[in-house]
Structures are given as C-alpha cells and as structure tokens.
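The sequence shown: position 211 = 211 (the numbering used here), numbered continuously. Down below is the structure, laid out as structure tokens.
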Amino acid sequence: MPVYWLNEHELSFPHPAMAEPSGLLAVGGDLSPDRLVLAYRNGIFPWFEADGNFYWYSPDPRFVLFPEELKVHKSMRSVFNQGKFEYSLDTCFEQVIRTCAESPRNAQDGSWISEAFIEGYTELHRQGVAHSVEVWNAGKLVGGLYGISLGRIFFGESMFAHHANASKAGFITLVRALQAAGFWMVDCQQQTQHLQSLGARSIPRELFLDYLVKNAYERSLIGFWDLQAGQLALRTKH
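Structure, rendered in structure tokens:
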C-alpha cells in the first residue's frame, strides 16, 4: 500500500485504515499545534523524524489502558506506602520532554524525540493541551512522562526513570488522577511489557476509533494541571 505524503499547507490525513501493516500511514507535514491535535483526534501520532520528514502512524491493534483496569502490584504498593517520591504536574514540561529525549532506549539507536518534537509539544503545553508528570526524590527530578489530553482520553507519549520504579509510580499517580476526573482511557500506542504489567492491553484500531468519535463531543481539561490530594485541578498561575 502506498504511503500518503502530507501537504505542509493543508491540514488533512488519510483514514487510519489506509495504514501499512506496520502502522505507517503518512510522511511529511509539520508538528504545528493544529496538525498535532487533528492527528490525535483521528487516532494518528508522529513517531519519528528522518531526513526532515515526519512519519505518522496509526497501529492496529492499539495498546490502551482503561483506568479501572490499572494493576498496582505489591512491589509498587510498597513504593507508595514508603513515600519514596513526590509528584507534580506541569511544573517543568520542557525539562521532562528533553530528559525523555536524552534517555537511552532498548534496541534503539538514539531517540525519536528530535528538537522539532520538543518545540511542537512544548507549544502544545503552552496552550494547555500537552501535560507532564514529574516524579521527585530529595528535590531531584528522577522520573516523568508527558502526553496530550483531549476530551476524556490522555494520549501518552514517552517516559523516563532515573530511579527504580520512578516512571511506574508517576504513571500510576497520573492514571489514578485521570480516573477520578472521569477519563475513559490512556492511549499507550504500542505494546510494551512495562505498560502491560500495569494493565494496558490491545484493542482493535476500529474500536479505538469508535472511542475517538465519542470523545470528540467531550470537553477537554485545557490549562496547566495541578495535583491536589491526588486529584486533577487547574492551576491559576504557571
């Protein structure tokens, strides 16, 4: 199946059903806020940049986590009971995404998070659409993750950990807060053992797209997020 080339001057994507078996759907375009939001609303995300071109994916199946299916194993319950970490939201988004970019990945030669990705998602953060979770130990940032929130779905992008269990603890903290706020789902994109151990599972892309159709009518929690007693809140000042 031929790959669709995006026109930089036109905001459009082919239907996700046209994606290759690998999930690759289109190449080109840019990472402007409008294009990124359009992509996520249609089940599409940019994965990497090569030779100045962005590669857009919509895999089938889709790996997701329903908040009510979150698994917190005994070892992680111990982490929370011991109070090893402190948690915050949206306090240093750019630092989180840059640390994700600098963190080594298994079986990958470098990071897919290029400077263009950092600029694009940081602009979405300024607009109150992209959010970060920060995990702290003794005042030092030791873990974190970032993603996009649209309607009642959080689209996770990347995470890092410089301390054992830091990224898991941050993810669990986020999912609990999302569940309390009435979110339906966390999009994890593609399967990883790390997220599978926390309860994420694969669903058909067609079902995922059905959720997105319903999600288009839901109001987004736009603004800078805060974590108050484990609950999501909007911060009045950033």
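Just so you know, even glycine gets a beta-carbon here, dropped at the ideal spot from N, CA and C.
How many Å lie between residue i and residue j at the Cα?
i    : j    : result
L221 : W5   : 32 Å
H125 : V135 : 18 Å
A107 : Q191 : Reliability fails at A107, whose pLDDT of 46 lies under 50, so the model's placement of it is uncertain and no value is given.
I118 : S75  : 33 Å
D210 : A19  : 17 Å
F171 : G28  : 31 Å
D109 : C188 : Note that D109 scores 44 on pLDDT, short of 50, meaning its location in the model is unreliable; the coordinates nonetheless yield the value given after this. When rounded, the distance between both Cα atoms is 21 Å.
Q231 : I148 : 18 Å
G83  : H15  : 46 Å
A169 : D30  : 33 Å
S197 : H73  : 9 Å
E10  : R152 : 27 Å
D60  : G143 : 29 Å
S12  : P204 : 23 Å
H194 : L65  : 12 Å
T122 : E115 : 10 Å
Q95  : F155 : 19 Å
W112 : F48  : 5 Å
I44  : W56  : 6 Å
Go ahead and label residue i buried or exposed: buried means 16 or more other beta carbons lie within 10 angstroms of its beta carbon, across all protein chains shown.
i    : result
S132 : buried
D90  : buried
D51  : exposed
E102 : exposed
A177 : buried
Q219 : With the sequence shown as reference, residue 219 is identified as Arg, and Gln is not the correct amino acid for it. R219 should be labelled exposed.
S58  : buried
Does DSSP put residue i in a helix, in a strand, or in coil?
i    : result
G43  : coil
E86  : strand
L6   : strand
D51  : coil
R62  : strand
Q179 : helix
G143 : strand
V79  : helix
V135 : strand
D226 : strand
L195 : helix
G120 : helix
L70  : coil
Smallest Cα separation from residue i: which of the options?
i    : options                  : result
S167 : L31, N215, R205 and S88  : S88
E69  : E20, Q179, L212 and R219 : Q179
D226 : S32, G128, P33 and Y55   : G128
S32  : A130, K84, L24 and W112  : A130
G223 : A216, A233, A229 and F85 : A233
L141 : G147, T99 and R176       : T99
N42  : E49, A161, E218 and L212 : L212
T173 : L207, F85, A39 and G139  : F85
A17  : A229, E218 and E206      : E206
E157 : P2, F93 and F208         : F93
R201 : N53, M185, W112 and N215 : M185
Looking at the strands, I want to know which residues DSSP matches up with residue i.
i    : result
F93  : Looking at the DSSP assignment, F93 forms no beta bridge with any residue, so it has no partner.
F155 : I148 and D187
L202 : First, the amino acid is wrong: residue 202 is Ser here, not Leu. Answer by DSSP bridge pairing, in chain order: F63.
W112 : Per DSSP, none; premise fails for W112.
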